[in-house]
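Heads up, the thing below is written out as C-alpha cells.
In this note's numbering, the protein residues as written are 9 to 271.
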C-alpha cells in the first residue's frame with residue numbers, strides 16, 4: 009500500500025510552486041495520495057512550520073511521509089534531512105523546523121543520494137528538484153537509508169521556542185499564531201495553565217493588549233456575538249477570539265504580543 013504524503017510549505021496558492029511539486033511526485037509515483045496540510049505558512053517562518061507539523065502529524069496514519077518545505081536557506085550548504093519519529097517520516101531542511109519532534113526522533117538520514125533528484129537541480133526550488141522526487145521515492149516504499157547516510161540527531165539544527173514564564177502570581181506567554189479567522193493562538197498550553205490556576209477556570213483572568221477576560225470558556229459561542237472569549241482550541245493552546253468576528257483586527261493585537269494569566 010502506498011503511504012500518504014503531506015505537504016507543508018510557505019508557497020501560498022497564487023503561484024504554481026505547490027502544484028509543480030505535486031506534478032513531480034505523481035510523475036514518479038502515479039499512485040501517490042497527497043494531502044495539502046497547508047501552503048499558508050508565513051514566508052520563511054520556520055517556527056510556525058515547526059508548530060504546525062508537530063501539532064498535525066499525529067492525526068495521520070503511521071508511515072505517513074510529511075514533506076516540509078519552509079526553507080529560507082535553499083541553495084546554501086544547509087542539509088536536507090529525513091527524520092524517523094513516532095512511526096512517521098519527515099522530509100525537511102535542517103533549519104530547526106523539526107525541533108519540536110526531537111523528543112520522538114529515531115534515525116536521521118542526510119538526503120544526499122543525488123540519483124534521486126530531478127536534474128539540473130535549481131538553486132532556488134529544491135521543493136521541486138529534491139523534496140518532491142525523494143518523497144515519491146519513499147512513497148514507492150523504498151527504505152529511508154536509500155536516501156543518504158545516517159547522521160547523529162545531536163547534529164541537527166535546533167531552534168529556541170518561546171515557552172510561558174511564571175513570575176510571581178502571573179503566567180506570561182505570547183501570541184505565536186493568528187489563524188484564518190483572526191483568533192489569537194498563544195504558546196500557553198492547557199496543562200501549564202491548569203497547574204497555574206489549579207483548575208479554577210472561572211476566575212482565571214486572561215489579558216492581551218488593553219483587554220482582560222475573566223474566565224475560560226469551552227467554546228467560542230459561550231460569548232455574545234462580536235464579544236471576546238478565551239478558550240483552549242483544538243491544539244490545546246489558549247486562544248483569544250471574537251465570537252463571529254476577528255480578534256486580531258478588532259483588538260489590534262499582532263504576533264508576539266504579550267498574553268498574561270492571573271488569578
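Ideal placement from N, C-alpha and C gives every residue a C-beta, glycine not left out.
Helix, strand or coil: which one does DSSP assign to residue i?
{"i": "residue 63", "result": "helix"}
{"i": "residue 7", "result": "The first residue shown for the chain is 9 and the last is 271, placing residue 7 beyond what the model contains."}
{"i": "residue 274", "result": "Because residue 274 is not part of the residues shown, which for the chain are 9 to 271, the question remains open."}
{"i": "residue 123", "result": "helix"}
{"i": "residue 185", "result": "strand"}
{"i": "residue 147", "result": "helix"}
{"i": "residue 157", "result": "coil"}
{"i": "residue 70", "result": "coil"}
{"i": "residue 131", "result": "coil"}
{"i": "residue 94", "result": "coil"}
{"i": "residue 272", "result": "As displayed, the chain neither begins before 9 nor continues past 271, which places residue 272 out of reach and without an answer."}
{"i": "residue 44", "result": "strand"}
{"i": "residue 57", "result": "helix"}
{"i": "residue 230", "result": "helix"}
Can you give me the start and stop residues for the alpha helix (DSSP H) that residue i sits inside?
{"i": "residue 27", "result": "25-36"}
{"i": "residue 222", "result": "Unbroken run through residue 222 is the beta strand (DSSP E), 219-222; no alpha helix (DSSP H)."}
{"i": "residue 14", "result": "Looking at the DSSP string, residue 14 is not in any alpha helix (DSSP H); the run it does join, the beta strand (DSSP E), is 12-17."}
{"i": "residue 202", "result": "198-205"}
{"i": "residue 259", "result": "255-259"}
Do you know how far the Cα of residue j is from the Cα of residue i?
{"i": "residue 15", "j": "residue 80", "result": "17 Å"}
{"i": "residue 145", "j": "residue 44", "result": "18 Å"}
{"i": "residue 243", "j": "residue 151", "result": "32 Å"}
{"i": "residue 147", "j": "residue 59", "result": "24 Å"}
{"i": "residue 234", "j": "residue 261", "result": "16 Å"}
{"i": "residue 187", "j": "residue 48", "result": "10 Å"}
{"i": "residue 251", "j": "residue 212", "result": "19 Å"}
{"i": "residue 119", "j": "residue 156", "result": "5 Å"}
{"i": "residue 82", "j": "residue 131", "result": "7 Å"}
{"i": "residue 26", "j": "residue 40", "result": "15 Å"}
{"i": "residue 204", "j": "residue 17", "result": "35 Å"}
{"i": "residue 70", "j": "residue 271", "result": "42 Å"}
{"i": "residue 173", "j": "residue 72", "result": "35 Å"}
{"i": "residue 228", "j": "residue 222", "result": "14 Å"}
{"i": "residue 241", "j": "residue 38", "result": "37 Å"}
{"i": "residue 110", "j": "residue 197", "result": "19 Å"}
{"i": "residue 220", "j": "residue 269", "result": "9 Å"}
{"i": "residue 208", "j": "residue 138", "result": "51 Å"}
{"i": "residue 231", "j": "residue 253", "result": "11 Å"}
If you drop the 5 nearest sequence neighbours on each side, which residues of the same chain put their C-beta closer than 6 Å to that of residue i?
{"i": "residue 248", "result": "192, 216, 238, 255"}
CB-CB under 7 Å to residue i, same chain, minus the five flanking residues each way: which ones, in chain order?
{"i": "residue 182", "result": "170, 194, 195, 264, 265, 266, 267"}
{"i": "residue 141", "result": "32, 36, 124, 125, 126"}
{"i": "residue 258", "result": "250"}
{"i": "residue 62", "result": "108, 109"}
{"i": "residue 56", "result": "49, 50, 185"}
{"i": "residue 21", "result": "47"}
Ends of the beta strand (DSSP E) at residue i?
{"i": "residue 245", "result": "245-250"}
{"i": "residue 236", "result": "236-240"}
{"i": "residue 50", "result": "Segment: none, residue 50 is in no beta strand (DSSP E) and carries neither H nor E."}
{"i": "residue 268", "result": "266-270"}
{"i": "residue 114", "result": "113-118"}
{"i": "residue 152", "result": "Element bounds for residue 152: n/a, residue is neither H nor E."}
{"i": "residue 165", "result": "Where residue 165 is concerned, there is no enclosing beta strand (DSSP E), given that its DSSP letter is neither H nor E."}
{"i": "residue 213", "result": "213-216"}
{"i": "residue 173", "result": "173-175"}
For residue i, decide whether its Cβ has a neighbour in chain B, counting only Cβ atoms nearer than 8 Å.
{"i": "residue 75", "result": "Structure shown: chain B not included; a single protein chain is present."}
Skipping 5 residues on each side, what residues in its chain have a beta carbon closer than 8 Å to that of residue i?
{"i": "residue 200", "result": "172, 179"}
{"i": "residue 149", "result": "10, 11"}
Original post:
Do the stretch 32-48 and the stretch 101-120 touch if we need at least three Cβ pairs shorter than 8 Å?
Top reply: No contact exists between the stretch 32-48 and the stretch 101-120.
Original post:
Are there three or more Cβ pairs, one per stretch, closer than 8 Å when the stretch 81-99 is compared with the stretch 28-38?
Top reply: Contact fails: fewer than three Cβ-Cβ distances are below 8 Å.
Subject >> Three CB pairs or more closer than 8 Å across the stretch 160-176 and the stretch 67-80 >> reply: Contact fails: fewer than three Cβ-Cβ distances are below 8 Å.
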